[in-house]
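K.L.:
Residue numbers (this note's numbering): 947 to 1286.
(1) Starting from the C-beta of residue 1031, find all residues in its chain whose C-beta is less than 7 Å away, skip the five residues before and the five after it, and write them out in chain order.
(2) Please return the same chain residues whose Cβ sits closer than 6 Å to the Cβ of residue 1029, not counting the five positions on each side in sequence.
(3) Given this structure, state the Cα-to-Cα distance separating residue 1266 from residue 1179, to the nearest angstrom.
(4) Assign residue 1016 to one of three DSSP states: helix, strand, or coil.
(5) If I measure Cβ to Cβ from residue 1046 and keep anything under 6 Å in the same chain, skipping five residues before and after, which residues do I get?
(6) Can you confirm whether the region 1137-1156 touches the region 1229-1244 when touching is taken to mean that 3 or more C-beta pairs between the two stretches lie within less than 8 Å?
(7) Using a Cβ-Cβ cutoff of less than 8 Å, which residues in the same chain neighbour residue 1245 once the five nearest sequence positions on both sides are dropped?
(8) Comparing alpha-carbon positions, which option in 1126, 1122, 1108 lies nearest residue 1023?
(9) On a CA-only basis, which of 1020, 998, 1132 is nearest residue 1066? Give me that one, please.
(10) Based on the DSSP secondary-structure assignment, which residues constitute the bridge partners of residue 1246?
(11) Can you have a look at residue 1216 and say buried or exposed, based on whether 16 or more other CB atoms are within 10 angstroms of its CB?
(12) Is the CB-CB distance between residue 1163 and residue 1212 below 7 Å?
(13) My parser needs the beta strand (DSSP E) runs of 3 or more residues fully inside the region 1068-1110; what are they?
(14) Within 10 angstroms of its Cβ, does residue 1219 collect 16 or more other Cβ (buried), or is it exposed?
(15) Which one of 1169, 1059, 1081, 1125 has the shortest CA to CA distance from residue 1026?
(16) Can you tell me whether residue 1061 is helix, strand or coil according to DSSP?
(17) In terms of residue numbering, what span does the alpha helix (DSSP H) encompassing residue 1183 cover?
(18) With DSSP run on the structure shown, which of helix, strand or coil describes residue 1203?
(19) Go ahead and label residue 1051 buried or exposed: buried means 16 or more other beta carbons lie within 10 angstroms of its beta carbon, across all protein chains shown.
(20) By the 10 Å Cβ neighbour count, where 16 or more other Cβ atoms means buried, how is residue 1096 classified, buried or exposed?
(21) Where does residue 985 land, buried or exposed, given buried means 16+ other C-beta within 10 angstroms?
(22) What do you reckon, are the CB atoms on residue 1223 and residue 1195 nearer than 7 Å?
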């Protein structure tokens, strides 16, 4: 009898422990701090999963109101040019879909070093809110706007866009709003203007038309070999593009920005109307982008950085096309970026 009572008591204790464990497992974690980076419970967890580096030590903003419907956000990838496209995709597709736009702080911090008063809020503003489980995660293979809009069809479903997303068609619908969004910091504009004035004095010609020239080498040498089984463009591409502008404008001044100033100097210092900024001034991605944006027209070989320099400049652009195996002239830098 005593043995039976002990067995019943033991089973009761085990059952009680199981119930307590289940209650703790299924209810209490919702209100605990998540220390497992692979578990996404809140939008703060989601934000960290979208960033390359650890941003959990960054102090979040004051909590805001939790979203009633779905949101649209994006994964961080690449450098400045890529992240401008990622921001642009969130900004424009929020308008296309009616979803609330949010970007990870890691992207915002990068863009804040160049641009003023970006309007899209960061995920930490809703970081305390529980994540809605119904997400449409766009893969790089699906990153076609028309395909996406057909696959996604209700505002309760949130969307995560892939890193490196680049949708030039968004510029056709929202171009002026997007350009207005990317207002460059006054301090960078002032520095770029001083450099352009220095260029005029250096080339000793009347003030004419500024042609921004972006030369991308370093990391692109291996990338072009891997992706296109080709080598980076040589000086003949830039010479052809410069000749085109020289035939269209009087007194053009070519303002070179590059990640390889020595290569530019070795190949173009002979031209009296060329100014290699990296040989005369310290540079940064933000300053070089501002210099391109403050020129009238653009030459760039390839890459999202040079592309955005051309878009922000707003004039004509000449870029290299691997499909055409040569230079492509565009009459409006804001449009016609399809089929790259």
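Note that CB positions come from ideal geometry on N, CA and C, so glycine has one too.
P.N.:
Quick answer:
(1) Along the chain shown, one-based indexing puts residue 1031 at 85. Counting only Cβ-Cβ distances below 7 Å, and skipping sequence neighbours, we find 1111, 1112, 1250.
(2) The residue given as residue 1029 occupies position 83 in the chain shown. Taken in chain order, the residues that qualify are 1053, 1056.
(3) Taking the first residue of the chain shown as 1, we reach residue 1266 at position 320. Taking the first residue of the chain shown as 1, we reach residue 1179 at position 233. For residue 1266 and residue 1179, the distance between alpha carbons rounds to 8 Å.
(4) Looking up residue 1016 in the chain shown gives position 70. Looking at residue 1016 - three-state DSSP - the assignment turns out to be coil, as it is neither helix nor strand.
(5) Stepping through the chain shown from its first residue, residue 1046 is reached at position 100. Excluding positions up to five away in sequence, the list reads 1013, 1017.
(6) yes
(7) Looking up residue 1245 in the chain shown gives position 299. So the qualifying residues of the chain are 1157, 1158, 1159, 1160, 1184, 1187, 1188, 1191, 1200, 1263, 1264, 1265.
(8) Mapped onto the chain shown, residue 1023 falls at position 77. Closest by alpha carbon: 1108.
(9) Here the question's residue 1066 lines up with position 120 in the chain shown. Of 1020, 998, 1132, the residue nearest in Cα terms is 1020.
(10) Taking the first residue of the chain shown as 1, we reach residue 1246 at position 300. According to DSSP, which records beta bridges pairwise, residue 1246 is partnered with 1160, 1265.
(11) As a first step, residue 1216 is located in the chain shown; it is residue number 270 there, counting from the start. Flag for residue 1216 reads exposed.
(12) Working through the chain shown from its first residue, we reach residue 1163 at position 217. Working through the chain shown from its first residue, we reach residue 1212 at position 266. Result no, Cβ atoms of residue 1163 and residue 1212 do not sit closer than 7 Å.
(13) 1081-1083, 1104-1107
(14) What you label residue 1219 is simply residue 273 of the chain shown in a count that begins at 1. Answer is buried; the Cβ neighbour count reaches 16.
(15) Here residue 1026 refers to the residue found at position 80 of the chain shown. The candidate whose alpha carbon is nearest that of residue 1026 is 1059.
(16) Position 115 of the chain shown holds residue 1061. In the structure shown, residue 1061 sits in a strand (DSSP, three-state: E or B).
(17) In the chain shown, residue 1183 corresponds to position 237, counting from 1. Here the alpha helix (DSSP H) through residue 1183 covers 1181-1194.
(18) One-based indexing of the chain shown puts residue 1203 at position 257. Strand at residue 1203.
(19) Looking up residue 1051 in the chain shown gives position 105. So residue 1051 counts as buried.
(20) Counting from one through the chain shown, the residue named residue 1096 turns up at place 150. Counting Cβ neighbours within 10 Å, residue 1096 comes out exposed, since fewer than 16 surround it.
(21) Here residue 985 corresponds to residue number 39 of the chain shown, with the count starting at 1. Classification of residue 985: exposed, given that the 10 Å Cβ count is below 16.
(22) Here residue 1223 corresponds to residue number 277 of the chain shown, with the count starting at 1. Here residue 1195 corresponds to residue number 249 of the chain shown, with the count starting at 1. No, Cβ-Cβ distance for residue 1223 and residue 1195 is not below 7 Å.
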